[in-house]
Amino acid sequence: MAGNSSSSSSEWAYPPSPLLTTLWREISWGNKQELLQYMKNVQPQNKEVKVIRVLLCGPVGAGKSSFINSVNNVLQGRMTQEALASSTTSDQSFTKIYQTYKIKKESRGNFYPFVFNDIMGLEEKTGVRTDDIKLALKGHVKDGYKFNPISSLSDGDPSYNSSPSVSDRVHVLVHIYDANAPQMKSSVLQKMKEVREAASELGIPQLAILTHIDAACEEMEKNLTNVYKSKYLQKQMTDFSSSLGIPMNCIFLMKNYTHEIQLNPDVDTLILSALKLMINFGDDYAYKLLGSLFPVMGNQHPEPQTTRNLCSTQGTFNLKIKEPKRSEFYSTDQSVWGSPASSTLSTLFYKGE
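In my numbering, the protein residues as written are 1 to 353.
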């Protein structure tokens, strides 16, 4: 009888929960309006920079175009279709042209001071060439350039920008990857690593977004606020971090708007939380481009800034900028924007008292 009782109870045992009991990352749900107001007020620190440029890079079907549309939806307060996105599961990229996407503000004729650039997917044989991405990072690729999987853009091509401005350059690189995708192909991973290394050599900060979390974990359909309790999504983030070398606190889980016809405040909060950090990171890099790592500025004083975390190839570090007391200033670590980051902390001090 005892044996039968034990067998019976095991048959009725509940399966383990797909969710942890506590959050492994805190996120402030319900602060959508605060985040929206922050984005409305954001302005580049570097007055020479007209826009903060965000480059989206990732495999075909990862959701790059859908992310642009999702950001536009949130900031417009309605459903939009700024970037054409494909709903098929084809292994060939829907995006063929290098295009800059601006996002309109509420007032007519005004735009947010940041833009997105979408590129062809990183297919194994027919995708964008990494040399083209490297040129885009430096601002050498003009809007409207049609990607050619066979050959890269050359300096004699009409689409080659020989004299890029600070605004033409990429200020933050965002890797987009499908959280529901099977194991990444080695050839695609190698392309992503090459792009990451090229951006790191330029000192460009990098983030990653794992999309399609609702398809990867059915619990997200029930309650999106459990996103950072999901055991499966935590493992996907950990595996992606290990594969590409991006720190965990620079990776964000994302649900794009794909089939919805109305906005969802929880989806909006996820989008805005990631958007805020990528614009801040890009803004810090653009500020650095004000000169060759903050040269002497004469009587021009930079405005006081806040402390922000920046993602490097080996982790995160803080950039602290103090209010100036003298016109001349220097950095204690000239290599802080390089790769690999040899220091975990760099503080700008102004000469004098």
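For each residue, glycine too, the CB sits at the ideal point set by N, CA and C. Since this is a predicted model, take the numbers as computed values, not measurements.
| Item | Value |
| --- | --- |
| Reduced DSSP secondary structure (H/G/I, E/B, other) of residue 188 | helix |
| Any 3 or more C-beta pairs closer than 8 Å across the segment 204-224 and the segment 164-177 | yes |
| Sequence ranges, alpha helix (DSSP H) only - wholly within the segment 153-232, length at least 4 | 186-201, 213-216 and 219-222 |
| Nearest to residue 195 (by Cα), restricted to the options 42, 139, 58 and 32 | 58 |
| 4 or more residues per run - each alpha helix (DSSP H) lying fully within the segment 237-300 | 265-288 |
| Distance CB(residue 225)-CB(residue 268) smaller than 7 Å | no |
| Per DSSP, the bridge partner or partners of residue 104 | 111 |
| Cβ contact check for the segment 59-79 and the segment 267-283: 3 or more pairs under 8 Å | yes |
| Residue 74 - containing alpha helix (DSSP H), residue span | 64-76 |
| Beta-carbon separation (whole angstroms), residue 44 vs residue 284, contact threshold 8 Å | With 8 Å as the limit, residue 44 and residue 284 do not qualify as a contact, their Cβ atoms being about 10 Å apart. |
| Span separating the alpha-carbon of residue 31 from that of residue 197 | 35 Å |
| Residues sharing a beta bridge with residue 53, DSSP | 115 |
| Of the residues 234, 54 and 42, the one placed nearest residue 180, counting alpha carbons only | 234 |
| Pairwise C-alpha distance: residue 47 and residue 164 | 16 Å |
| Whether residue 128 touches residue 53 by CB criterion (7 Å) | no |
| Nearest residue (CA-CA) to residue 242, options 259, 216 and 193 | 193 |
| Contact under 7 Å by Cβ, residue 177 with residue 210 | yes |
| Classification of residue 113 by the beta-carbon crowding that lies within 10 angstroms, buried from 16 upward | buried |
| Sub-7 Å separation of residue 232 and residue 70 beta-carbons | no |
| Backbone CA spacing between residue 252 and residue 219 [nearest angstrom] | 17 Å |
| For residue 99, the three-state DSSP class (helix, strand or coil) | strand |
| Unbroken alpha helix (DSSP H) run spanning residue 143, endpoints | Counting along the chain, residue 143 falls outside any alpha helix (DSSP H), and DSSP gives it neither H nor E. |
| Neighbour-count burial assignment, residue 89, 16 or more Cβ in a 10 Å radius | Its pLDDT being 48, under 50, residue 89 is placed unreliably in this model, and the coordinates cannot settle the point. |
| Same chain only: Cβ atoms within 6 Å of residue 221, ignoring 5 sequence neighbours per side | 214 |
| Coil, strand or helix - residue 428 by DSSP | Past the edges of the chain, shown from 1 to 353, lies residue 428, and the structure says nothing about it. |
| Contact check, residue 101 vs residue 68, beta carbons under 7 Å | yes |
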